[in-house]
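Data block below; observations after.
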Amino acid sequence: MAILEVRGIKKCFDGAWVLNGIDFSLEKGESLAIIGSSGSGKTTLLRCLNFLEIADGGTISVGGEVIFDGDNPSSFTEREIRRKRLHFGLVFQSFNLFPQYTALKNVTLAGELLARERPDYKENRKAILAEIDQNARALLEQVGLSDKLDFYPHQLSGGQQQRVAIARALAQGPDILCFDEPTSALDPELTGEVLRVIRGLADKKTTMVIVTHEMQFAREVSDKVLFIDNGVVVEYGTPEEIFVHPKESRTKQFLERYSGN
Amino acid sequence: MTFAAVTGKLLEGFGVTCTIFILTLILAIPLGLIISFGSMSRLAPLRWLTKTLVWIIRGTPLMLQVIIVFYGPGLIFGWASFPRIQAVLIAFVINYAAYFSEIYRSGIESIPKGQYEAGQVLGMTRTQIFFRVILLQVVKRIVPPMSNEIITLVKDTSLARVIAVREIIMEAEAFIKLEAIIWPLFYSGAFYLLFCGILTLLFGYIERKLSYFKV
């Protein structure tokens, strides 16, 4: 069974349909690359998955549980939305690290706050916090930053900040990790280190949805590729099908623009 | 007139000055936050009401507000008027809260949306996001404009004399009439300079304390 099942997602901003019925599904351990030109709706789709936007129609299911139903959207309390959000992690284009906290604290903060809601928090406070701390240190090591634990975001390069942001998103143990153009705000020199980390996650069978303009990377890392244009899915398939044998003329046209450089 | 006698009188007045300053600050800082929430509210009528209030308070002289708070209740409604110092405090607190609220609003609105969204996707509540993520960034941003406003407040306290509250300048001026000496006025100025100097050092210290991160 697919871990993520998206059916007919729609989103309208001021009378314009930015997403007009998006369908796709993703198996556990797979990574999906979403490609398309700017303004095609890629980012909005990710934001709908993470409930930063509430879609105007369609359904989202995670592991068989319908977590969003466009026919019945008003029934969400803040508490429910918070719980549903934890199925997803999101890495932003602009990192959005918390500037007043160290790299380590950025990774532990949300977990510490969430742990307070556990019934056994009072008795096991020390053990719970130690576990969160240890997990965060391990994640920062995984992204190659174990020597930067006590650095504040402004002391880190963009690539390092983005790697902290990846560790932070992983710390909440999401079922699906989403990336919103994770290297678009970086110098070309720094994109490599971030892409390496994402590639490492793909090798470990992390379920991921990656919105990206790095075509070569999408081709190498993803199991499925979704090409979106004008809020609809133009083509969906394996990297081989999309990049080597695209069926639609719109896909060919888009890819030609990228292969030029 | 001996230096000691003048000093004694001026210290009395300075006590009143400090009382107005400190109580205004303690009450206006939280009240300003409430007003700023009103001016950023999603409820249009509340927003409109708050903005009108802020417009009236910032658009009229503080001196006028002090006079109205003191004489208004008696002359308009026939009520007992507030004790003088209370009337001064009411006018000052409302006035400064209005100014503070605008500083808070600009500070809160200057924090990028991404900070809220990062908190949201990590499963934090709105309250947690405000207190754990946003607030300290806002504090850092508003320290310079707040320092300005608070230093202005030190000197605005002298407006209390308009309803005969004996703050330091009123005490110093009395020596002109009684003794025909002017130096106590200069002496009173030294109190203000010293006070503002200490505040300037304090705000500098806070700015340095918050310089460990950048927003």
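For the record, the sequence lines run as chains C and H.
Sequential numbering of the first sequence, starting at 1, is according to the working numbering.
Sequential numbering of the second sequence, starting at 262, is according to the working numbering.
By construction, the Cβ of each residue, glycine as well, lies at the ideal position given by its N, Cα and C atoms.
Output yes or no for whether 9 Å exceeds the beta carbon distance between residue i and residue j.
i: R85/C; j: F51/C; result: yes
i: E241/C; j: V225/C; result: yes
i: T280/H; j: I328/H; result: no
i: G192/C; j: R163/C; result: no
i: D175/C; j: I3/C; result: yes
i: I459/H; j: A359/H; result: no
i: N356/H; j: I395/H; result: no
i: G380/H; j: I390/H; result: yes
i: L446/H; j: E434/H; result: yes
i: R393/H; j: L113/C; result: yes
i: G89/C; j: V382/H; result: yes
i: Q142/C; j: V197/C; result: yes
i: Q326/H; j: A352/H; result: yes
i: V354/H; j: L310/H; result: no
Starting from the beta carbon of residue i, find every residue of chain H whose beta carbon is closer than 8 Å, and list them in chain order.
i: E86/C; result: Per the sequence shown, residue 86/C should be read as Leu rather than Glu. G384, listed in chain order.
i: Q172/C; result: L383 and G384
i: E78/C; result: T386 and R387
i: R199/C; result: Chain H residues near R199/C: none, gap ~23 Å exceeds 8 Å.
Since I believe residue j is in contact with residue i (beta carbons under 8 Å), could you give me their beta-carbon distance rounded to a whole number of angstroms?
i: L350/H; j: L284/H; result: 6 Å
i: S300/H; j: K312/H; result: 6 Å
i: V91/C; j: F24/C; result: No, V91/C and F24/C are not in contact; Cβ-Cβ is about 19 Å, not under 8 Å.
i: D417/H; j: L292/H; result: No, D417/H and L292/H are not in contact; Cβ-Cβ is about 17 Å, not under 8 Å.
i: I364/H; j: I403/H; result: 5 Å
i: A185/C; j: G158/C; result: 6 Å
i: F297/C; j: A167/C; result: Only positions 1 to 261 of chain C appear in the structure, and residue 297/C is not among them; the question remains open.
i: E78/C; j: R387/H; result: 7 Å
i: K28/C; j: T207/C; result: 6 Å
i: S408/H; j: F464/H; result: 4 Å
i: I424/H; j: A348/H; result: 6 Å
i: A136/C; j: L177/C; result: About 16 Å; that fails the 8 Å criterion.
i: I132/C; j: T108/C; result: 5 Å
i: I429/H; j: F275/H; result: 5 Å
i: P182/C; j: Q253/C; result: Not really, about 25 Å apart at Cβ, beyond 8 Å.
Given that residue i touches chain C, what residues does it touch there, using C-beta distances under 7 Å?
i: K475/H; result: P99 and H154
i: V394/H; result: F98
I want to verify the contact list: residues of chain H whose CB lies under 9 Å from the CB of residue i, in sequence order.
i: S94/C; result: P373 and G375
i: L177/C; result: The contacting residues do not exist; L177/C stays about 11 Å from chain H at best.
i: R118/C; result: In chain order: nothing, as chain H lies at least about 13 Å away.
i: L113/C; result: L383, G384, M385, T386, Q389 and R393
i: R82/C; result: Q381, G384, M385 and T386
Identify the contact partners of residue i in chain H, using a Cβ-Cβ distance below 7 Å as the criterion.
i: L90/C; result: V382
i: A110/C; result: L383, G384 and M385
i: L139/C; result: Residues of chain H passing the Cβ test: none, with the nearest at roughly 13 Å.
i: R219/C; result: In chain order: nothing, as chain H lies at least about 27 Å away.
On a Cα-Cα basis, can you pick out the residue from the options that is closest to residue i?
i: V209/C; options: K11/C, C12/C and I35/C; result: I35/C
i: K11/C; options: E27/C, E5/C, G29/C and G70/C; result: G70/C
i: M385/H; options: A33/C, A115/C and A110/C; result: A110/C
i: V415/H; options: A265/H, T268/H, A266/H and V277/H; result: V277/H
i: E235/C; options: I22/C, K105/C, V143/C and I9/C; result: I22/C
i: T212/C; options: E189/C, K205/C, V232/C and Y258/C; result: Y258/C
i: E65/C; options: S146/C, L46/C and H87/C; result: H87/C
i: L190/C; options: A130/C, Q160/C and A218/C; result: Q160/C
What residues of chain C sit near residue i, judged by a beta carbon separation below 9 Å?
i: V426/H; result: Within chain C, no residue comes near V426/H; the closest Cβ sits about 42 Å away, beyond 9 Å.
i: E378/H; result: R47, N50, L52, L90, F92 and N96
Interface residues of chain C around residue i at Cβ under 8 Å?
i: E468/H; result: None at all; the shortest Cβ gap to chain C is about 14 Å.
i: L397/H; result: Q100
TODO: Spell out a yes or no on whether the segment 137-150 of chain C and the segment 49-68 of chain C are touching, meaning 3 or more CB-CB pairs, one atom from each, closer than 8 Å.
DONE: no
Task: the segment 30-45 of chain C in contact with the segment 5-20 of chain C per 3-pair CB rule at 8 Å - done: yes
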